[in-house]
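Okay, structure first, notes after.
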Amino acid sequence: MRAFEELVDEAGRADVSGWDFSWLDGRATEERPPWGYARLLSERLPTVGSALDVDTGGGEVLNEAPVLPPRMVVTESWPPNVSRARDLLRPRGVEVVEAADPVSAEPFPLPDASFELVTSRHPVRPNWSEIARVLMPGGTYLAQHVGPGSAFELIEYFLGPLPEQRSGRDPQREAGEAAAAGLEIVDLRTARLHMEFFDIGAVVWTLRRCVWWVPDFTVDRYRDTLRALDEQIRAGGSFVAHSTRHLVEARRTRPVSPRTAPR
Numbered sequence: 001m002r003a004f005e006e007l008v009d010e011a012g013r014a015d016v017s018g019w020d021f022s023w024l025d026g027r028a029t030e031e032r033p034p035w036g037y038a039r040l041l042s043e044r045l046p047t048v049g050s051a052l053d054v055d056t057g058g059g060e061v062l063n064e065a066p067v068l069p070p071r072m073v074v075t076e077s078w079p080p081n082v083s084r085a086r087d088l089l090r091p092r093g094v095e096v097v098e099a100a101d102p103v104s105a106e107p108f109p110l111p112d113a114s115f116e117l118v119t120s121r122h123p124v125r126p127n128w129s130e131i132a133r134v135l136m137p138g139g140t141y142l143a144q145h146v147g148p149g150s151a152f153e154l155i156e157y158f159l160g161p162l163p164e165q166r167s168g169r170d171p172q173r174e175a176g177e178a179a180a181a182g183l184e185i186v187d188l189r190t191a192r193l194h195m196e197f198f199d200i201g202a203v204v205w206t207l208r209r210c211v212w213w214v215p216d217f218t219v220d221r222y223r224d225t226l227r228a229l230d231e232q233i234r235a236g237g238s239f240v241a242h243s244t245r246h247l248v249e250a251r252r253t254r255p256v257s258p259r260t261a262p263r
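Per full-length UniProt numbering, the sequence shown runs over residues 1 to 263.
What follows is the structure, given as structure tokens:
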């Protein structure tokens, strides 16, 4: 294995925009959920006339679908991802809408009852009232969410125990919030998945990409922690963590409060 400084410097310079994780090939692995979200998305999109993909990142997951509906819209808030999504998706006729930070819970900049299908892969924070608002009556939400305690073995290595945060993103709680917004849950599946990091560069790149895991992360700030983890990886061959995911399918079954947003 290459020296600590070489691995860290390389990872610190690498591009982390978009949702392309191919930089980690051969350096980290993550088990995939059994339901195959990309396949489900590809099967569902051609069956509708209009769809919205929320928190699309750089559009990489959506772009895997061979057929898109006649009207396809995506939202994204991080400017580098907005630019990547436009470059990737506009040639396919997709409308890319720059939205507010999902944490702000601002309304989607889209009209009421606009879409037969709303999708999302790993939304930052599901805005259930807005999802229900932009769905047509009888429309469907299909998404893969990050679950509770995901990758917390790695996160807590840097930040220490976080018992309260571990309980966030609970699928049953989210199902209740969806129901309160006017959506009926028709499918809810969960999975706990194996993750493995084979060198410290993979850890650095991942923490730079998933900035919400260790919000104050920089190599300089955590250099001693990184050195200790590097020694652990070299001694044991890898660092093991676990991600959690849940598949959510919900349908708009009752009227919701209108809040017409600008086009």
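Glycine included, C-beta positions come from ideal geometry on N, C-alpha and C.
On a predicted model such as this, the values are computed, not experimentally measured, just so you know.
Inter-segment contact for the segment 89 to 101 and the segment 221 to 233 is absent: fewer than three beta-carbon pairs are separated by less than 8 Å.
By the criterion of a C-beta distance shorter than 7 Å, V16 is surrounded in its chain by W205, R208 and R209, once the five residues flanking it on both sides are discounted.
A distance below 7 Å between beta-carbons, with the five flanking residues on each side excluded, links P34 to the following residues of its chain, in chain order: A191.
Partner residues in a beta bridge of T206, as assigned by DSSP, do not exist.
Taking all protein chains shown into account, S243 has 16 or more neighbouring C-beta atoms within 10 Å of its C-beta and is therefore buried. For S83, the enclosing alpha helix (DSSP H) starts and ends at P79 to L89.
Just so you know, the alpha carbons of N127 and L7 end up roughly 38 Å apart.
C-alpha of G149 to C-alpha of R13: approximately 29 Å in a straight line. Per DSSP, reduced to three states, the secondary structure at E184 is strand. In this structure, L117 lies away from V134, with their beta-carbon atoms at least 7 Å apart. Taking a 10 Å sphere around the C-beta of S104, we find fewer than 16 other C-beta atoms and assign the residue as exposed. For L247, the enclosing beta strand (DSSP E) has its first and last residue at F239 to R252. Residue pairing by DSSP puts L52 in a beta bridge opposite V73 and V118.
The Cβ atoms of Q144 and L247 lie closer than 7 Å to each other. Taken atom to atom, the span from the alpha-carbon of P137 to that of E164 is near 36 Å. Here E130 is buried: its Cβ has 16 or more other Cβ atoms, across all protein chains shown, within 10 Å.
Of the candidates R84, R86, A51 and P79, the residue whose Cα lies closest to the Cα of P69 is A51.
Contact check for E60 against W23 fails: the beta carbons are separated by 7 Å or more. Under DSSP, Y141 shares a beta bridge with V118 and A250. Taking a C-beta distance under 7 Å as the contact criterion, D55 and L62 do not qualify as a contact pair.
Looking at L142, A85 and E30, the one whose alpha-carbon comes closest to that of L41 is L142. Taking 8 Å as the upper bound for CB-CB distance, E76 and L193 are not in contact here, some 25 Å apart.
DSSP places T225 in the uninterrupted alpha helix (DSSP H) bounded by R223 to G236.
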